[in-house]
Structure formats: structure tokens, C-alpha cells
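Below: one structure, written as C-alpha cells.
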Amino acid sequence: MIELRNVSKEYGIKKALKDVCLRIHPGEIFGLIGHNGAGKSTAIKSLVSVIEPTEGEIWIDGENLVENRLAIKKKIGYVPDSPDMFLRLTAFEYWNFISVAYEIPEDEKRTRLRELTDLFDMTEHQSEVIDSFSHGMRQKTFIIGALLPNPEIWILDEPMTGLDPQASFDLKELMKKHAEAGNIVLFSTHVLEVAQQLCDHIAILKKGELLYDGTIEELLLENKNESLEETYLKLAGRNRSKQQEGTAFDTPLEERGV
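Quick note on numbering: numbering that gives the first Met the number 0 labels position 26 of the sequence shown as 25, and the sequence is numbered without any gaps.
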């Protein structure tokens with residue numbers, strides 16, 4: 000289980016996360032939902048030890064992250080929000096680097112690589128430099144790297160960005176199977192259709208604050224006669240006063256001097 004206990008993160012006077020509390024259970028696909036800048040990536044980077052929270056604690060499987068960082072890292076496969084890293088390495092060199100870091104036995108590495116590169120159509124590109132790849136191919140490279148050790152916890156930051164429809168479908172199927180096996184899949188997205196399709200549990204963030212923590216079904220039940228889009232935008236969208244509801248484009252052309 001993953002627990003965020005009153006986690007906050009400050010950058011100067013800006014609070015990227017504000018006293019966030021979450022529990023993510025084994026067997027769940029958990030979605031972090033929110034606009035750009037909502038705090039999704041900050042929460043994820045705190046979980047994978049890229050950044051340190053200003054306040055609060057993170058516990059994973061009953062262990063404090065600060066006190067057990069290395070052991071916990073080996074339980075996690077992480078896809079960052081940008082695949083523009085390790086650009087001078089070939090795809091295979093990057094995957095080999097991951098296998099050494101996670102101490103994957105050679106036979107297991109070969110088997111897992113063959114399965115994953117075949118699935119994501121990357122077998123013929125292993126010897127190519129990551130810098131030469133399109134955004135989608137870079138994304139697939141880092142997804143393969145994250146899944147290669149077959150870790151218990153997958154933490155994926157906007158993982159579908161740039162993927163072609165087949166790769167996106169294949170990744171979603173892998174996410175479902177991983178959760179069904181009793182593992183945790185945590186991913187961020189701002190695409191509501193993807194969240195509705197995949198998630199057992201969601202959290203909605205806005206400007207670092209946790210606005211909702213529960214299932215999509217519970218959220219829609221609380222907001223009868225509204226679509227998921229309407230409900231989400233009511234929570235996380237722009238606040239509009241009655242004066243703001245009429246825009247310049249609601250005004251007749253002749254009154255605008257057109």
C-alpha cells in the first residue's frame with residue numbers, strides 16, 4: 000500500500016502540493032487527475048524520490064520512504080513526464096543500465112526484453128540512439144525500461160502521451176493485468192476518457208489541493224444528471240462568476256462594432 004500523509008511541497012512562496020493525504024491499495028489502478036500544474040507530477044516525483052516533500056511523510060508497504068529509500072525504489076517502475084533523457088545512449092544501453100540497477104538476472108532480462116520489445120514494436124530499434132527517436136518511440140523506450148524489472152508498483156506520469164493507438168492499447172492492457180495480479184498501478188492523466196476506462200480509484204487535484212478522492216462511480220452519483228466532464232470541470236475547471244459567464248463572443252456583433 001502507498002500512503003501520502005499530509006504531504007506538502009513548496010517552491011519558494013508557491014505551494015505545489017498542499018497537505019495531501021492519499022491511500023493506494025494493492026490491486027488498484029489509481030488515477031491522478033487534474034489540469035496542467037495541478038500537482039500531479041509533483042506528487043509522483045515525491046513518490047519516486049526525484050524530489051523531497053517540504054512537509055509530510057510517504058509510506059510504502061509499511062515502510063517510511065525516507066528511511067528505506069533504496070529498498071523501496073527497487074519495488075517501483077517509473078515513467079517520467081518527459082522522455083527526453085539519456086539521449087546519447089542506444090535503447091539497448093538504456094535497458095541494460097536499468098537491468099544492472101535492478102539486479103535483473105541475465106536470462107530474465109533477455110526474456111522480458113524480448114516480450115516487451117516485440118509488444119511495442121521496438122525490437123528492430125534496440126541499437127539506435129534515443130536522440131534519433133520520435134517522441135512516441137522515446138516514450139516506448141522508457142515504458143519498456145520501467146516494466147523490465149517487473150516491479151510491484153508502476154508509477155506512470157502521463158504514460159500515453161505520444162503513443163500510437165496500438166501502443167496505448169497494449170499499455171492499458173498491461174496495466175489491467177498488473178493490477179489484477181494484486182499489484183499497484185498509479186498513473187497521471189488529464190484525459191477523462193482514459194481515467195474512466197481504467198481507474199478503480201481517482202484523486203482530483205487543483206493547484207496542489209486534493210479536491211476528490213474516491214471512485215468515478217461515487218463521483219457521478221454525487222453529481223446526478225451530469226457527465227464526467229461537467230462534474231470534473233465543476234470541481235477543477237475555472238471558477239466563473241455570473242459576470243464572467245457572458246464573454247465578448249456572447250455579445251451581438253453590432254454591439255461589438257463589427
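Beta carbons are placed, not taken as given, at the ideal position from N, Cα and C, and that holds for glycine.
Sequence-distant residues of the same chain with beta carbon closer than 8 Å to residue i, five excluded per side
{"i": "Leu64", "result": "Leu46, Ser48, Glu56, Ile57, Trp58, Ile71"}
{"i": "Arg4", "result": "Cys20, Gly55, Glu56, Ile57, Trp58"}
{"i": "Arg239", "result": "In this predicted model, Arg239 has a pLDDT of only 47, less than 50, meaning its place in the structure is not dependable; the value taken from the coordinates is given anyway. Cβ within range, chain order: n/a, list empty."}
Rounded Cβ spacing between residue i and residue j (contact assumed at less than 8 Å)
{"i": "Ile103", "j": "Pro150", "result": "With a Cβ gap of about 11 Å, Ile103 and Pro150 do not count as contacting."}
{"i": "Thr160", "j": "Ile143", "result": "Their Cβ separation, rounded to whole angstroms, is 16 Å, which puts Thr160 and Ile143 out of contact at 8 Å."}
{"i": "Ile32", "j": "Ala194", "result": "6 Å"}
Assigned exposure category for residue i - 16 Cβ within 10 Å defines buried
{"i": "Gln165", "result": "exposed"}
{"i": "His134", "result": "exposed"}
{"i": "Glu223", "result": "According to the sequence provided, residue 223 is Lys. The question's Glu does not apply to it. Result: exposed."}
{"i": "Arg113", "result": "exposed"}
{"i": "Phe141", "result": "buried"}
{"i": "Thr110", "result": "exposed"}
{"i": "Thr214", "result": "exposed"}
{"i": "Tyr93", "result": "buried"}
{"i": "Lys171", "result": "buried"}
{"i": "Arg137", "result": "buried"}
{"i": "Phe29", "result": "buried"}
Neighbourhood of residue i by C-beta distance below 7 Å, restricted to the same chain and skipping five residues each side
{"i": "Ser98", "result": "Lys108, Leu147"}
{"i": "Tyr101", "result": "Lys73, Pro148"}
{"i": "Ile75", "result": "Val47, Pro150, Ile152, Ile154"}
{"i": "Ser167", "result": "Met159"}
{"i": "Glu228", "result": "Leu191"}
Cutoff 6 Å; reference residue i; Cβ partners in own chain excluding five residues on either side
{"i": "Asn258", "result": "There is no way to answer for residue 258, as the model of the chain reaches only from 0 to 257."}
{"i": "Glu208", "result": "Lys17"}
{"i": "Leu118", "result": "Asp169"}
{"i": "Lys14", "result": "Gly207"}
{"i": "Pro79", "result": "Asp156"}
Residues bridged to residue i [DSSP beta-bridge criterion]
{"i": "Trp58", "result": "Glu2, Asn63"}
{"i": "Tyr10", "result": "Lys13"}
{"i": "Val184", "result": "Ile28, Trp153"}
Check: Within the chosen definition, does the stretch 153-162 reach the stretch 121-132 through at least 3 CB pairs nearer than 8 Å?
Finding: no
Next item on the list: Taking 8 Å as the threshold, find out whether the stretch 23-40 comes into contact with the stretch 183-195 through three or more Cβ pairs.
Entry: yes
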